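Residues in the sequence shown are numbered consecutively from 0, following numbering that gives the first Met the number 0.
Note that beta-carbon positions come from the ideal geometry of N, C-alpha and C, so glycine has one too.
As the structure is a prediction and not an experimental result, all values here were calculated from the model.
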Amino acid sequence: MPADALAGKRLAEAARLSRNLDATNQMHLGELSAAKNQLETARDHYLTVLGLAAVTPPQRDAAKKALADVQTRLGENPAEFEGWLTNTLARLREERRKALISDMSGKPVPPLALTDLQGNKVDLLAERGNVVLLNFFSA
Numbered sequence: 000m001p002a003d004a005l006a007g008k009r010l011a012e013a014a015r016l017s018r019n020l021d022a023t024n025q026m027h028l029g030e031l032s033a034a035k036n037q038l039e040t041a042r043d044h045y046l047t048v049l050g051l052a053a054v055t056p057p058q059r060d061a062a063k064k065a066l067a068d069v070q071t072r073l074g075e076n077p078a079e080f081e082g083w084l085t086n087t088l089a090r091l092r093e094e095r096r097k098a099l100i101s102d103m104s105g106k107p108v109p110p111l112a113l114t115d116l117q118g119n120k121v122d123l124l125a126e127r128g129n130v131v132l133l134n135f136f137s138a
């Protein structure tokens, strides 16, 4: 197996394992796809990078630059890139939001006992029928 084919196979497996949430891996997949002239696939990988929350500014800049190059190679007008990018990212965010909601809607909440900010135990089953907002965060 040629080295680039093996690299592509390993990158694809890493993407599957990370659920496409690894910006560096997605950048490498985009670069590999662009080098193979698989421009639509490269575009998808770069858009994935730009849609991730935990992307560093240099990664975001590199993905945006690479995506602009791919769009130009696809025959798109470079002057329209910023508008296209803004609209495309907004559309992808909305599609992800709708998919998440449809996956969760109507499903019962799993048994979950938590401690509130005052130290009281809160059982979500006791809140059945009430609207509950959960805010998970980490520092």
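Rounded C-alpha distance that separates residue i from residue j
{"i": "LEU46", "j": "ASN134", "result": "27 Å"}
{"i": "ASN19", "j": "LEU73", "result": "24 Å"}
{"i": "ALA33", "j": "VAL69", "result": "7 Å"}
{"i": "ASP122", "j": "ALA22", "result": "37 Å"}
{"i": "PRO77", "j": "ALA2", "result": "34 Å"}
{"i": "LYS63", "j": "TRP83", "result": "12 Å"}
{"i": "ARG59", "j": "ASP115", "result": "37 Å"}
{"i": "ARG127", "j": "LYS106", "result": "12 Å"}
{"i": "VAL108", "j": "SER101", "result": "14 Å"}
{"i": "ASN119", "j": "MET103", "result": "27 Å"}
{"i": "VAL54", "j": "SER17", "result": "15 Å"}
{"i": "PHE136", "j": "LEU113", "result": "14 Å"}
{"i": "LEU5", "j": "GLU75", "result": "32 Å"}
{"i": "ARG207", "j": "LEU132", "result": "Look at the range of the chain in this structure, 0 to 138, and you will see that residue 207 is not part of it."}
{"i": "MET26", "j": "ARG92", "result": "19 Å"}
{"i": "LEU38", "j": "ALA61", "result": "16 Å"}
{"i": "ALA94", "j": "ALA14", "result": "Note that residue 94 is Glu in the sequence shown, not Ala. If I take the Cα positions, the gap works out to 20 Å."}
Where residue i sits in the DSSP three-state scheme
{"i": "ASP3", "result": "helix"}
{"i": "LYS106", "result": "coil"}
{"i": "ALA53", "result": "coil"}
{"i": "LEU113", "result": "strand"}
{"i": "VAL121", "result": "strand"}
{"i": "ASN76", "result": "coil"}
{"i": "ASN86", "result": "helix"}
{"i": "GLY128", "result": "coil"}
Residue burial classification, residue i (beta-carbon count within 10 angstroms, cutoff 16)
{"i": "ALA98", "result": "exposed"}
{"i": "ASN24", "result": "buried"}
{"i": "LEU28", "result": "buried"}
CB contact flag (residue i, residue j, <7 Å)
{"i": "ALA67", "j": "PHE80", "result": "yes"}
For the pair the region 39–51 and the region 6–13, tell me if three or more CB-CB distances fall below 8 Å. no
If contact is defined by three or more beta carbon pairs under 8 Å, each pair taking one atom from either stretch, is the region 43–57 in contact with the region 85–94? yes
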